[in-house]
Amino acid sequence: MASRLLSVTSRQAQKLQKCMSSSVSKTGAREVVGYGFNGQHNYADRVDFPMPAVRFLENTPDILALREKEKGDWKKLSLEEKKALYRASFCQTFSEMKAPTGQWKSVVGITLIISSLSLWIYMAMKTFGEHY
Numbered sequence: 000m001a002s003r004l005l006s007v008t009s010r011q012a013q014k015l016q017k018c019m020s021s022s023v024s025k026t027g028a029r030e031v032v033g034y035g036f037n038g039q040h041n042y043a044d045r046v047d048f049p050m051p052a053v054r055f056l057e058n059t060p061d062i063l064a065l066r067e068k069e070k071g072d073w074k075k076l077s078l079e080e081k082k083a084l085y086r087a088s089f090c091q092t093f094s095e096m097k098a099p100t101g102q103w104k105s106v107v108g109i110t111l112i113i114s115s116l117s118l119w120i121y122m123a124m125k126t127f128g129e130h131y
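First residue of the sequence shown: 0, per numbering that gives the first Met the number 0; consecutive thereafter.
In structure tokens:
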């Protein structure tokens with residue numbers, strides 16, 4: 000009993016260690032800029048926590064040049080350069096994150112299909128089932 004518990008615990012520890020090591024390797028050449036949502040180095044667009052732990056894109060020579068230019072006066076940056084800097088750090092804007100996805104249509108459709116199937120099964124059981 001104790002050896003089984005020890006083996007289960009050691010397997011869980013190995014899985015945890017594997018997850019932690021793979022999360023660091025998944026960042027690649029992206030810059031770590033903060034703590035993140037759960038303390039791991041991953042990227043997620045979230046409305047409730049808008050500061051991901053890593054930047055969205057890896058650093059390229061173009062982005063590094065814009066980051067150097069960013070350290071100066073922002074009035075000298077064009078609108079396209081500001082957008083490129085934003086897109087290098089984030090995948091979506093808040094309006095893109097909050098935009099409706101249309102998922103409610105599939106939920107309503109599946110609910111109606113399940114309801115109609117259950118009514119058909121009920122009617123078949125009433126019609127063809129044994130009467131006592």
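A virtual CB, placed ideally from N, CA and C, is assigned to each residue, including glycine.
Neighbour-count burial assignment, residue i, 16 or more Cβ in a 10 Å radius
i    : result
E129 : exposed
V32  : exposed
I62  : buried
Closest Cα partner of residue i within the set the options
i   : options             : result
E95 : V46, A87, L56, L78  : V46
R66 : Y85, S114, A98, C90 : Y85
Distance CB(residue i)-CB(residue j) smaller than 9 angstroms
i   : j   : result
A43 : P51 : yes
F36 : S88 : no
K68 : L76 : yes
W73 : K82 : no
T59 : N41 : no
Nonlocal neighbours in the same chain, by C-beta distance under 6 angstroms from residue i, ignoring five residues either side
i   : result
R29 : V53, R54, E57
Chain-order list of residues whose beta-carbon lies under 7 angstroms from that of residue i (same chain, five-residue window excluded)
i   : result
Y34 : A52
Extent of the continuous alpha helix (DSSP H) run through residue i
i    : result
S87  : Residue identity check: residue 87 is Ala in the sequence provided, not Ser. Segment 78-88, the alpha helix (DSSP H) holding A87.
K125 : 102-127
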